[in-house]
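Enquirer: Below is the structure I would like to discuss, written out as structure tokens.
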């Protein structure tokens, strides 16, 4: 079984693009739809995006839980966005 890896390192290497399917340490699965300066995010479940110019706003961010209040009130992200930590496995 493969190990969980750090999302920031993977994103910097260019391996977390829109449509990548990831598994979190708690077992939840999501699809990456957001990769910006403040982090990488996604939506829950497995999705295929036909058009990358119209991606959904992320439901989760691969950032430390302690940062969640700042993202929820910044006016950019969803008010219910969840910071889920930085560890993941890339499924595909």
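Numbering (the working numbering), first residue to last: 78 to 169. All residues carry an ideal CB built from backbone N, CA and C; glycine is no exception.
1) Might you give, ordered along the chain, the residues of its own chain that have their beta carbon closer than 6 Å to the beta carbon of residue 136, omitting 5 neighbours on each side?
2) Cα separation between residue 100 and residue 168?
3) Does the beta-carbon of residue 139 have 16 or more other beta-carbons within 10 angstroms, so that it is buried, or is it exposed?
4) Please state the DSSP three-state secondary structure of residue 148.
5) Secondary structure at residue 142, three-state DSSP: helix, strand or coil?
6) Where does residue 89 fall in DSSP's three states?
7) Count the C-beta pairs between the region 128-135 and the region 103-120 that are closer than 8 Å, then say yes if the count reaches three, no if not.
Expert: In short, the structure shows the following:
1) Counted from its first residue, the chain shown places residue 136 at position 59. Within the same chain, residue 136 has close Cβ partners 120 and 121.
2) Position 23 of the chain shown, counting from 1, holds the residue named residue 100. Position 91 of the chain shown, counting from 1, holds the residue named residue 168. Straight-line Cα distance between these residues: approximately 7 Å.
3) Against the chain shown, residue 139 aligns to sequence position 62. Classification for residue 139: buried.
4) The residue given as residue 148 occupies position 71 in the chain shown. The answer is helix: DSSP assigns residue 148 an H, G or I state.
5) Taking the first residue of the chain shown as position 1, residue 142 is located at position 65. Correct three-state label for residue 142: helix.
6) On the chain shown, position 12 is the one that residue 89 refers to. Note: residue 89 maps to helix in three-state DSSP.
7) yes
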